[in-house]
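Student: For the record, in the sequence shown the residue sitting at position 83 is 182 according to this note's numbering, with numbers rising by one throughout. Yeah, the Cβ is synthetic: ideal placement off N, Cα and C, and Gly gets one too. Before anything else, here's the structure in question.
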Amino acid sequence: MPEGLIPADMPTLAALGPVALVIALSALFRGFTGFGFAIIAVPLLSFALPPLLAVALAACLQFLGGLMDFRGAARACHWPSLRWLAAGAVLASPPGTLLLAGLPADLARLLIAAACAVAVLALVATPGLRRLPGPGATLAAGALAGLFNGMAAMPGPPALAYYLSLPLTPAQVRSSLMVFFLLSAGLSCASLVAIGAIGRREMLLALAGMPIMLAGSRFGAALFRRAGGAHRNVSLAALALVAALTAARGIAGLLGSAP
């Protein structure tokens with residue numbers, strides 16, 4: 100590639116190897132469970148990249164991947180709940196992005212780890228509801244998801260807790276989450292562009308990572324068809340491990356910078 104087309108601040112080849120591996124593992128998780136690309140990708144990418152760049156790359160990949168799934172998901176999506184959830188996310192995503200931009204890297208890692216921990220707790224302890232909650236509760240859940248989305252490209256924990264508690268069919272839950280994640284990724288990308296966090300470097304990385312993401316998602320879907328219901332326990336274990344590793348990295352960084 101001619102000199103000048105590659106941004107000077109592009110990660111080195113030594114960093115790109117781990118980044119490609121993280122994208123593959125996160126896509127595998129997404130294909131295996133039907134959700135969670137950013138939940139896995141953001142914490143692990145933050146080991147090799149600055150947190151803001153990790154969030155930007157995950158948001159771009161999640162948006163591009165979501166576009167591929169939209170047509171099928173839109174047919175089974177539960178639109179009445181999604182409208183209020185999306186409205187809350189629209190309101191809260193920009194403040195979350197501003198919070199991310201002003202945080203020290205290690206503190207951002209701790210907040211990302213906390214988001215993963217919340218996802219584990221939500222998937223374990225979310226009670227089932229007998230009827231759909233009202234617009235106010237759905238709007239609040241969407242606002243919390245939007246805050247997570249802007250701060251870490253990670254709307255999954257609140258959205259999962261909401262949809263897994265609803266009396267909907269598995270197909271409606273999965274499709275609604277897929278459409279919501281596409282919308283939230285678009286919001287996150289727009290907020291990141293507004294603060295200058297997505298530019299040529301981030302787009303080049305996302306385009307380079309897209310084939311890896313698509314291949315990993317397809318392989319994960321094939322594994323899901325073989326494993327059946329075992330995927331839930333694997334998901335919880337993976338999320339708990341990522342939360343612990345990311346928290347350890349953030350704590351070590353904060354202690355190392357202490358006088």
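1. How about Ala126 and Ile297: are their beta carbons less than 8 Å apart?
2. Exposed or buried, what is Ala217 when buried is set at 16 or more other beta-carbons lying within 10 Å of its beta-carbon?
3. Excluding sequence positions up to five away, which residues of its chain have a Cβ less than 6 Å from the Cβ of Phe136?
4. Quick check on the DSSP output: the alpha helix (DSSP H) that includes Leu286 runs from which residue to which?
5. Could you tell me whether the Cβ atoms of Ala200 and Leu246 are closer together than 8 Å?
6. With burial defined as no fewer than 16 other Cβ atoms inside 10 Å of the residue's Cβ, what is the status of Arg317: buried or exposed?
7. So, using beta-carbon positions, are Ala155 and Leu291 closer together than 8 Å?
8. Near Ala153, what residues of its chain come up, given a Cβ to Cβ distance below 6 Å and the 5 sequence neighbours on each side ignored?
9. Taking the C-alpha atoms as reference points, what is the distance between Ala157 and Leu263?
10. Starting from the N-terminal side, write out each stretch of the alpha helix (DSSP H) that is 4 residues or longer and does not extend beyond the segment 292-326.
11. Have a look at Pro101 and Ile122 and give me their C-alpha separation to the nearest angstrom.
Tutor: For this structure:
1. The residue labelled residue 126 in the question sits at position 27 within the sequence shown. The residue labelled residue 297 in the question sits at position 198 within the sequence shown. Not a contact, by the Cβ cut-off of 8 Å.
2. One-based indexing of the sequence shown puts residue 217 at position 118. Per the sequence presented here, residue 217 reads as Val, with Ala not at that position. That one is buried.
3. As a first step, residue 136 must be located in the sequence shown, where it is residue number 37. Short of 6 Å from the beta carbon of Phe136, and not among the five residues preceding or following it, lie these beta carbons of its own chain, in chain order: Ser125, Arg129, Gln161.
4. Here residue 286 refers to the residue found at position 187 when the sequence shown is read from its first residue. Under the DSSP assignment, Leu286 falls in the alpha helix (DSSP H) whose first and last residues are 269-293.
5. In the sequence shown, residue 200 corresponds to position 101, counting from 1. In the sequence shown, residue 246 corresponds to position 147, counting from 1. No, Cβ-Cβ distance for Ala200 and Leu246 is not below 8 Å.
6. What you label residue 317 is simply residue 218 of the sequence shown in a count that begins at 1. Exposed is the call here.
7. Against the sequence shown, residue 155 aligns to sequence position 56. Against the sequence shown, residue 291 aligns to sequence position 192. Closer than 8 Å, so yes.
8. Position 54 of the sequence shown, counting from 1, holds the residue named residue 153. Val141, Leu144, Ser145, listed in sequence order.
9. As a position in the sequence shown, residue 157 is number 58, starting the count at 1. As a position in the sequence shown, residue 263 is number 164, starting the count at 1. For Ala157 and Leu263, the distance between alpha carbons rounds to 23 Å.
10. You should have 299-326.
11. Numbered from 1 along the sequence shown, position 2 holds the residue referred to as residue 101. Numbered from 1 along the sequence shown, position 23 holds the residue referred to as residue 122. Because the pLDDT of Pro101 is 46, which lies under 50, any placement of that residue in the model is unreliable, and the number read from its coordinates should be weighed accordingly. Whole-angstrom Cα-Cα distance: 26 Å.
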